[in-house]
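Quick notes on the structure that follows.
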Amino acid sequence: MSEPLTAPKPSAIVRAHAHVDRLFARWAKFSFRHPWLIIFCWVAIVGGFSTQLGKITVETSAESFVHEDDPARIAYNHFRYQFGRDERILVMVESPSGDIFNLPFLNQLKALHEALEQEVPKVVAVDSLINARQTRGEADELIVEDFLED
């Protein structure tokens with residue numbers, strides 16, 4: 002005589018899936034019954050996080066991905082100490098007339114150049130048309146002079 006057929010027991014994955022489905026259904030019913038509570042909670046959460054927006058920083062240097070005690074980072078820091086850092090700030094200036102080689106604009110550029118050198122702390126060097134070099138070759142000579150010497 003054969004035994005009656007019975008349905009196999011559901012696996013643990015199927016049971017977990019059913020449990021998660023029930024949780025989502027309960028959450029949906031709760032959210033539908035209490036919409037203002039849900040809205041208030043989300044506004045409070047977003048407002049709480051938004052108070053920290055000013056403290057967000059973005060680290061763009063590759064060295065931040067290497068531990069401070071890593072030999073490669075130590076060697077890199079030694080190299081930078083010996084040969085200098087590569088941090089630069091670029092300031093762009095536009096001439097109202099579009100001609101950057103007229104005397105009034107060059108006088109304003111010189112004033113800005115000198116103000117940046119004297120008034121901005123921790124500035125090592127300022128490079129602009131004011132202190133640019135002109136390098137050219139004539140016959141067997143290499144001539145290096147200030148770009149705006151004349």
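For the sequence shown, counting from 1, position 150 maps to 151 in the numbering used here; every step adds exactly one. Don't be surprised by glycine CBs; every beta carbon is placed ideally from N, CA and C. Keep in mind the model is a prediction, meaning the values are calculated, not measured.
{"Check": "Do Val145 and Arg134 have their CB atoms nearer than 8 Å?", "Outcome": "yes"}
{"Check": "Assign His79 to buried or exposed, taking buried as 16 or more other Cβ atoms, counted over all protein chains shown, within 10 Å of its Cβ.", "Outcome": "exposed"}
{"Check": "Can you check which of these residues, Glu118, His20 and Ser32, is closest to Val92 by C-alpha distance?", "Outcome": "Glu118"}
{"Check": "Based on the DSSP output, what are the partners of Glu144 in its beta bridges?", "Outcome": "Strictly speaking, residue 144 in this sequence is Ile, with Glu absent from that position. Bridge partners of Ile144: Arg137."}
{"Check": "I'd like the list of long-range same chain contacts for Arg74, defined as Cβ closer than 8 Å, with 5 residues on each side in sequence excluded.", "Outcome": "Glu64, Val67 and His68"}
{"Check": "Could you round the C-beta distance between Leu130 and Leu149 to whole angstroms and report it? I think they count as a contact, below 8 Å.", "Outcome": "6 Å"}
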